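Each residue of the sequence shown is one higher than the last, beginning at 1 in the UniProt record's numbering. Glycine is no exception: its CB is placed at the ideal position from the N, C-alpha and C atoms. Just so you know, these numbers come straight off a predicted model, no measurement behind them. A short write-up of the structure that comes next.
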Amino acid sequence: TEPRSPSFQSPHLQALRKEKSRNAARSRRGKENFEFYELAKMLPLPGAITSQLDKASIVRLTISYLKMRDFTSHGDPPWTLRAEGPSPGAPGRRSVRLLLTELFEQHLGGHILQSLDGFVFALNQEGKFLYISETVSIYLGLSQVELTGSSVFDYIHPGDHPEVAEQLGLKAPSDAIGSPLRSQKSSSSSSSLTESSEPGKASSSSLPPSPSLVWLLARGGRIRKE
């Protein structure tokens, strides 16, 4: 008679191999989860928020943060002035410009956002949110974390995509007409942004978009470039 294959000769060995494969997969998942956990801790967000993020959200927020950080380094003066001088509270002489920047961040920046009758957000040329203020939750019912890294067109009715893209100096998505909304909630919340645009507002022909970023201010249901 022909000898049996090893798998039939030793069922115990086959079980050991399966167990070894499961352990290796479990170890890989554990290492991956640890790396995502460490990456989430590096985001400029409270620990109570980062601990609740899934992997896709961590990647989305990380990409947006890196793009925003790259943009701020090209400002005049750079928004990252603090990196050029000593840390706050450290001994040593600091420039007047650095002191003024710290004063604005510590005392004025937060008050400006709180006093706005709306919310501030920044888009890249693809229409994705690089930054959006926390006050957006008051008006749209969506959090800053949910919106960052997503496209503004995900929250606007497809029929309004061409008009909004023209007003903002962006390129409308190819599926602007006839594509379903990703969420019914986003459709209802974005109607206030598109329906109340004044016909006399300047279009993209008179307001050319920034090569790297478009700043917007939504107040009372209107969208404006700043």
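Quiz item: Per DSSP, what kind of secondary structure is LYS128 in: helix, strand or coil?
Solution: The count along the sequence shown starts at 1 and reaches residue 128 at position 128. In the structure shown, LYS128 sits in a strand (DSSP, three-state: E or B).
Self-check item: Neighbourhood of ILE63 by C-beta distance below 7 Å, restricted to the same chain and skipping five residues each side
Solution: The count along the sequence shown starts at 1 and reaches residue 63 at position 63. Result list for ILE63: GLY149, in chain order.
Self-check item: With 16 other Cβ atoms within 10 Å as the buried cut-off, status of ASN124
Solution: Against the sequence shown, residue 124 aligns to sequence position 124. Buried.
Quiz item: For ALA40, is the classification buried or exposed, using 16 other Cβ atoms within 10 angstroms of its Cβ as the cut-off for buried?
Solution: For the purposes of this step, residue 40 is identified with residue 40 of the sequence shown, where counting begins at 1. Here ALA40 is buried. Its C-beta has 16 or more other C-beta atoms within 10 Å.
Quiz item: What first and last residue would you give for the beta strand (DSSP E) that runs through ALA122?
Solution: On the sequence shown, position 122 is the one that residue 122 refers to. Segment 118 to 123, the beta strand (DSSP E) holding ALA122.
Quiz item: Rounded to whole angstroms, how far is the Cβ of GLY127 from the Cβ of SER151, which I believe are closer than 8 Å?
Solution: Counted from its first residue, the sequence shown places residue 127 at position 127. Counted from its first residue, the sequence shown places residue 151 at position 151. So it is a contact: roughly 5 Å between Cβ atoms.
Quiz item: Going by DSSP, which residues form a beta bridge with SER151?
Solution: Taking the first residue of the sequence shown as position 1, residue 151 is located at position 151. Bridge partners of SER151: LYS128.
Quiz item: Buried or exposed: LEU99, going by 16 or more other Cβ atoms within 10 Å of its Cβ?
Solution: Along the sequence shown, one-based indexing puts residue 99 at 99. LEU99 should be labelled exposed.
Quiz item: In chain order, what residues of the same chain lie with their CB nearer than 8 Å to the CB of LYS18, ignoring the 5 residues before and after it?
Solution: Here residue 18 is taken as the residue at index 18 of the sequence shown, counted from 1. Within the same chain, LYS18 has no close Cβ partners at all.
Quiz item: For TYR37, is the classification buried or exposed, using 16 other Cβ atoms within 10 angstroms of its Cβ as the cut-off for buried?
Solution: Counted from its first residue, the sequence shown places residue 37 at position 37. TYR37 is exposed by the Cβ-count criterion.
Quiz item: Candidates GLU102, THR101, GLU134: which alpha carbon is nearest LEU116's?
Solution: Position 116 of the sequence shown, counted from the start, is the residue given in the question as residue 116. Minimum Cα distance to LEU116 is reached at GLU134.
Exercise. Spatial neighbours of LEU170 within its chain, please: CB distance less than 6 Å, with the 5 preceding and 5 following residues excluded, ordered by chain position.
Key: Here residue 170 corresponds to residue number 170 of the sequence shown, with the count starting at 1. Hits under 6 Å: GLY127.
Quiz prompt | As assigned by DSSP and simplified to three states, the class of ALA48 | solution = Here residue 48 refers to the residue found at position 48 when the sequence shown is read from its first residue. Per DSSP, reduced to three states, the secondary structure at ALA48 is helical.
Quiz prompt | Backbone secondary structure at ASP54 - three-state DSSP | solution = The residue labelled residue 54 in the question sits at position 54 within the sequence shown. Of the three classes helix, strand and coil, the one that applies to ASP54 here is coil, per DSSP.
Self-check item: CB contact flag (LEU61, VAL136, <8 Å)
Solution: Start at 1 with the first residue of the sequence shown, and residue 61 comes out as number 61. Start at 1 with the first residue of the sequence shown, and residue 136 comes out as number 136. No, the pair does not count as a contact, with Cβ atoms beyond the cut-off.
Quiz item: Which residue's Cα is closest to the Cα of VAL120: SER57, LEU147, GLU35, SER95?
Solution: Residue mapping note: residue 120 aligns to position 120 of the sequence shown, counting from 1. When C-alpha distances from VAL120 are compared across SER57, LEU147, GLU35, SER95, the shortest belongs to LEU147.
Exercise. Report the three-state DSSP secondary structure of THR62 (helix, strand or coil).
Key: Here residue 62 is taken as the residue at index 62 of the sequence shown, counted from 1. Of the three classes helix, strand and coil, the one that applies to THR62 here is helix, per DSSP.
Exercise. Would you kindly report the start and end of the unbroken alpha helix (DSSP H) that includes HIS12?
Key: In the sequence shown, the residue the question calls residue 12 occupies position 12. It spans 11 to 41 - the alpha helix (DSSP H) in which HIS12 sits, taken as one unbroken run.
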